[in-house]
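In my numbering, the protein residues as written are 11 to 72. By construction, the Cβ of each residue, glycine as well, lies at the ideal position given by its N, Cα and C atoms. Report on the following structure.
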């Protein structure tokens, strides 16, 4: 079976371009949000303090 080439109307091309643009913008926004969340988790101050507290508690027990 031979494949026929699909011809889009100008209206269909315009709609496709709008949809692609929205998807690209959404993807960019999601990447930025993900990066921001990853940076937040890296900078959580409680992580280091807990480790220091654990060593302090261990020293007190000795």
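- [ ] For the alpha helix (DSSP H) holding residue 18, just list the boundary residues, first then last.
- [x] The residue you call residue 18 lines up with position 8 of the chain shown. From DSSP, residue 18 is part of no alpha helix (DSSP H); its letter is neither H nor E.
Open item on the list: Beta-carbon within less than 7 Å of residue 29's beta-carbon, same chain only, minus the 5 sequence neighbours each way: which residues are those?
Closed with: Within the chain shown, residue 29 is the residue found at index 19, counting from 1. Closer than 7 Å at the Cβ level, and outside the excluded window around residue 29, lies no residue.
TODO: May I ask you to check if the CB of residue 24 is nearer than 6 Å to at least one heavy atom of the ligand FMN?
DONE: Of the ligands one can find in the structure shown there are none, so the ligand FMN has no counterpart to examine.
Open item on the list: Quick check on residue 53: does DSSP put it in helix, strand or coil?
Closed with: Within the chain shown, the letter at position 43 stands for residue 53. Correct three-state label for residue 53: coil.
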